[in-house]
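A.B. asks: Here the sequence shown is numbered in numbering that gives the first Met the number 0, starting from 0 and rising by one per residue. First, the structure itself, so that you have it in front of you.
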Amino acid sequence: MRYLVTGGAGFIGSHLCDRLLADGHEVLCADNYFTGSRQNIRHLLGHPDFEAMRHDVTFPLYVEVDRIFNLACPASPVHYQNDPVQTTKTSVHGAINVLGLAKRVGARVFQASTSEVYGDPLVHPQTEDYWGNVNPIGLRACYDEGKRCAETLFFDYRRQHRLEIKVARIFNTYGPRMHPNDGRVVSNFIVQALNNQPITIYGDGSQTRSFCYVDDMIEAFVRLMDTPAEVTGPINLGNPGEYTIREIAEIIVEETGSSSELVFQPLPADDPKCRKPDIAQAEDVLDWHPAVTLREGLARTIAYFETLLSNHGG
Ligand SMILES: NC(=O)c1ccc[n+]([C@@H]2O[C@H](COP(=O)([O-])OP(=O)(O)OC[C@H]3O[C@@H](n4cnc5c(N)ncnc54)[C@H](O)[C@@H]3O)[C@@H](O)[C@H]2O)c1
């Protein structure tokens, strides 16, 4: 099959390209390289079934494909808050453009939504029927509301134009090829630990997060895309293992053998206090459960960052 992966040069997107090619498909990667990099897909450039194109999803794209994975969007607060108007455009205009393309060519289309649609949740853990608690005018709104509006568009295209849609609500995902300077917990802590710098914890570190290793996430993507047409989601994808931010820092210090100390700084606005997916639906519908333990996944991610930092002279 011919796949389009928007955001295919990003962290998750590049792993998805790897997987689709390994499964024998043709892959067209469309990316504007805002947060992604050619380095993430360099190993694929000679592959006969792979094509990379520079394209911004806020503009229409006319290509012939059978299936679309729409991942284009900066995912970390430092990046999506850098140009919040562009972030909303990427989510909303991007969704309109990929949905328009899907309609024209009759393609099935997958949306990388996010746990951030739940905002600062009042229900814990979050099930798919929870409508969320989002500040519509806060600093995170460009991302949260953009992704919420994208979901609306997916479901309206489904109702109005009978499109085959798959909406995944992705919870924190980590692994090799994460951006080293994106301020996300895992990459931040690993880079600080490897450099023996103090590890910055926002707040007292008691806020919880769940972390899913990227290979598990890709497996869920592929399974969801292959479900029968009536399965639309939204469906939570993540690892329900819950850790405090402080625990994560301590595991990373241990696994890297670092001499870093933990330092505490004020919590940013609208930072969620807890985040844990209820994945009962994914387990049932996709027959899927994350397989990689946090320690195992962190060890692989640390190995990646060690190589990356040594190539860049520490
Ligand atoms: N990583 C996570 O924990 C997580 C959690 C929830 C949702 N998601 C979603 O998954 C998707 C992939 O996230 P990621 O972690 O790989 O982030 P990433 O920043 O590594 O990847 C996003 C990719 O989209 C590209 N992009 C951004 N704006 C674009 C535009 N206007 N046109 C074309 N390309 C554009 C970037 O250059 C990058 O390659 C995103 O949609 C994100 O919102 C990720």
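Note that CB positions come from ideal geometry on N, CA and C, so glycine has one too. All values reported here derive from a predicted model rather than from experimental measurement.
Mind listing, in chain order, the continuous alpha helix (DSSP H) runs of no fewer than 4 residues lying wholly within the region 34–116?
C.D. replies: 76–79 and 83–104, all fully within the region 34–116.
A.B. asks: Taking only heavy atoms of ligand 1 into account, decide whether any of them is closer than 7 Å to the Cβ of Leu70.
C.D. replies: Looking up residue 70 in the sequence shown gives position 71. Flag set: Cβ of Leu70 near ligand 1.
A.B. asks: Buried or exposed, going by whether 16 or more other CB atoms sit within 10 Å of the CB of Gly145?
C.D. replies: What you label residue 145 is simply residue 146 of the sequence shown in a count that begins at 1. With 16 or more other Cβ atoms within 10 Å, it is buried.
A.B. asks: For Tyr173, which beta-bridge partners are listed by DSSP?
C.D. replies: Sequence index remark: in the sequence shown, residue 173 carries index 174 (1-based). Paired residues: Tyr212.
A.B. asks: Given that a residue counts as buried once 16 or more other Cβ atoms are within 10 Å of its Cβ, and exposed if not, what is Gly313?
C.D. replies: Position 314 of the sequence shown holds residue 313. At Gly313, the pLDDT of 48 sits below 50, so the modelled position is not reliable; the number obtained from the coordinates is stated separately. By the 10 Å Cβ count, Gly313 comes out exposed.
A.B. asks: Do you know whose CA, among Asn195, Thr89 and Gly105, lies nearest Thr255's CA?
C.D. replies: Against the sequence shown, residue 255 aligns to sequence position 256. Considering only alpha carbons, the answer is Asn195.
A.B. asks: Count Cβ pairs between the region 107–122 and the region 150–163 that sit closer than 8 Å; are there 3 or more?
C.D. replies: Taking 8 Å as the limit for Cβ pairs, the verdict is that the region 150–163 does touch the region 107–122.
A.B. asks: Pick from Gly182, Ala219 and Leu98: whose alpha carbon is nearest that of Pro59?
C.D. replies: The sequence position of residue 59 within the sequence shown is 60, counting from 1. Selected option, being the one with the closest Cα: Leu98.
A.B. asks: Cβ-heavy atom distance between Val108 and ligand 1 below 7 Å?
C.D. replies: Position 109 of the sequence shown holds residue 108. Checking the Cβ of Val108 against ligand 1 gives no.
A.B. asks: Got a sec, what are the start and stop residues for the alpha helix (DSSP H) Glu254 sits in?
C.D. replies: Start at 1 with the first residue of the sequence shown, and residue 254 comes out as number 255. From DSSP, the alpha helix (DSSP H) with Glu254 extends over Ile244 to Thr255.
A.B. asks: When you compare the CB positions of Thr207 and Arg168, do they come within less than 8 Å of one another, or not?
C.D. replies: Here residue 207 refers to the residue found at position 208 of the sequence shown. Here residue 168 refers to the residue found at position 169 of the sequence shown. Against a cut-off of 8 Å, the Cβ pair of Arg168 and Thr207 comes out as no contact.
A.B. asks: Return yes when the C-beta of Thr57 is under 7 Å from any heavy atom of ligand 1, and no when it is not.
C.D. replies: Looking up residue 57 in the sequence shown gives position 58. Yes, the Cβ of Thr57 comes within 7 Å of a heavy atom of ligand 1.
A.B. asks: For His288, does the count of other Cβ atoms within 10 angstroms reach 16, so buried, or fall short, so exposed?
C.D. replies: As a first step, residue 288 is located in the sequence shown; it is residue number 289 there, counting from the start. The residue in question, His288, is exposed, as its Cβ has fewer than 16 Cβ neighbours within 10 Å.
A.B. asks: I need the DSSP call for Thr5, collapsed to helix, strand or coil.
C.D. replies: Position 6 of the sequence shown, counted from the first residue, corresponds to residue 5. Strand, per DSSP.
A.B. asks: Determine, using beta carbons only, whether Thr126 and His92 come nearer to each other than 8 Å.
C.D. replies: Along the sequence shown, read from residue 1 onward, the residue named residue 126 stands at position 127. Along the sequence shown, read from residue 1 onward, the residue named residue 92 stands at position 93. For Thr126 and His92, no; Cβs fall outside 8 Å.
A.B. asks: Within 7 Å: the Cβ of Ile169 and any heavy atom of ligand 1?
C.D. replies: Counted from its first residue, the sequence shown places residue 169 at position 170. Checking the Cβ of Ile169 against ligand 1 gives yes.
A.B. asks: Contact between the region 225–233 and the region 185–193: three or more CB pairs below 8 Å?
C.D. replies: Verdict: no, contact absent.
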